[in-house]
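In the working numbering, the protein residues as written are 5 to 113.
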């Protein structure tokens, strides 16, 4: 039986380990999932598209896998929130950290 205050639920574990916590209310699980100083990746399963969007927008994680345990690809930005880092690696989003944006506004030439 895992609780949200256990170290396995509070720390980033980079091993073959996945704490699974049962819940009955989506708002409760989002609150518990966000109650950590880390925010690299979150995963959840759902079949209702409205719930998918509501939960995904509320989760404070840089990457969210929905109905899949594998979400990495060359086209996807890699990075977290909170103490899991800022900025993104990979994809065009990773390149934006090295670019200076310039805005041009022209009238009738």
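Virtual Cβ for every residue (Gly too), placed ideally from N, Cα, C. Bear in mind the structure is a predicted one, so any value in this text is a computation, not a measurement.
Count the other C-beta atoms from every protein chain shown that fall within 10 angstroms of the C-beta of residue 79, then say buried if there are 16 or more, exposed otherwise. Stepping through the chain shown from its first residue, residue 79 is reached at position 75. So residue 79 counts as exposed.
Helix, strand or coil: how does DSSP classify residue 100 here? Within the chain shown, numbered from 1, the residue matching residue 100 stands at position 96. The answer is helix: DSSP assigns residue 100 an H, G or I state.
Let me check one thing: in DSSP terms, what residues is residue 45 bridge-paired to? Locating residue 45 in the chain shown gives position 41, where the first residue counts as 1. Paired residues: 67.
List the endpoints of the continuous alpha helix (DSSP H) containing residue 38. Here residue 38 is taken as the residue at index 34 of the chain shown, counted from 1. According to the DSSP assignment, residue 38 belongs to the alpha helix (DSSP H) that extends over 30-38.
Would you say residue 9 and residue 24 are within 8 angstroms of each other, going by their C-beta atoms? As a first step, residue 9 must be located in the chain shown, where it is residue number 5. As a first step, residue 24 must be located in the chain shown, where it is residue number 20. Not a contact, by the Cβ cut-off of 8 angstroms.
DSSP state of residue 93 mapped onto helix, strand, coil: The count along the chain shown starts at 1 and reaches residue 93 at position 89. Judged by DSSP in its simplified three-state form, residue 93 adopts strand.
Mind checking whether residue 64 and residue 38 have CB atoms under 8 angstroms apart? By 1-based counting over the chain shown, the position of residue 64 is 60. By 1-based counting over the chain shown, the position of residue 38 is 34. Against a cut-off of 8 angstroms, the Cβ pair of residue 38 and residue 64 comes out as a contact.
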